[in-house]
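Asks:
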Amino acid sequence: MTTSIKAVSAASLVREERYTDNAAGEIIRQVPVLKDGSADPMRSEIYVGSCVLTMSNGQQLPLQFPIKAESLEEAILEWPHACNDKIEELQSNAVRSRIVNGAAVISWI
């Protein structure tokens, strides 16, 4: 069996910077870079939020979600909204899954 390994794309490289409050979660700023490591002025920065959702049964579910922001300050303000949107998406998917499978999948706190 042959395994095909995809090469790293120099045109898609980013440097990640992580910011956290050590409580609610973190914001990851992805800064586009050129193959020499310098900032790529032709591409925009991307912000990603992450947190861990503790469910009523004690299980922990790590979440990552996009944050629409142009700066770290905006990302901080938008983080709770983006997180809530992700949770609502998961709840909606759980309801659909429950209907399809006929069983409760996720219990929310």
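Mapping of the sequence shown onto our numbering: residues 8 to 116, in sequence order. Ideal placement from N, C-alpha and C gives every residue a C-beta, glycine not left out. All values derive from a computational prediction rather than experimental measurement.
Would you grab the beta carbon distance between residue 12 and residue 83 for me? Rounded to a whole angstrom, and I think it's under 8 Å.
Replies: At roughly 38 Å, the Cβ-Cβ gap does not stay under 8 Å, so residue 12 and residue 83 are not in contact.
Asks: Which residues does DSSP list as the beta-bridge partners of residue 22?
Replies: Per DSSP, 38.
Asks: Please name the residue or residues paired with residue 69 in a DSSP beta bridge.
Replies: Beta-bridge pairing links residue 69 to 59.
Asks: What residues are listed by DSSP as bridge partners for residue 46?
Replies: Paired residues: 40.
Asks: Helix or strand or just coil, what does DSSP make of residue 33?
Replies: Of the three classes helix, strand and coil, the one that applies to residue 33 here is strand, per DSSP.
Asks: Could you round the C-beta distance between residue 42 and residue 20 to whole angstroms and report it? I think they count as a contact, below 8 Å.
Replies: About 7 Å; that satisfies the 8 Å criterion.
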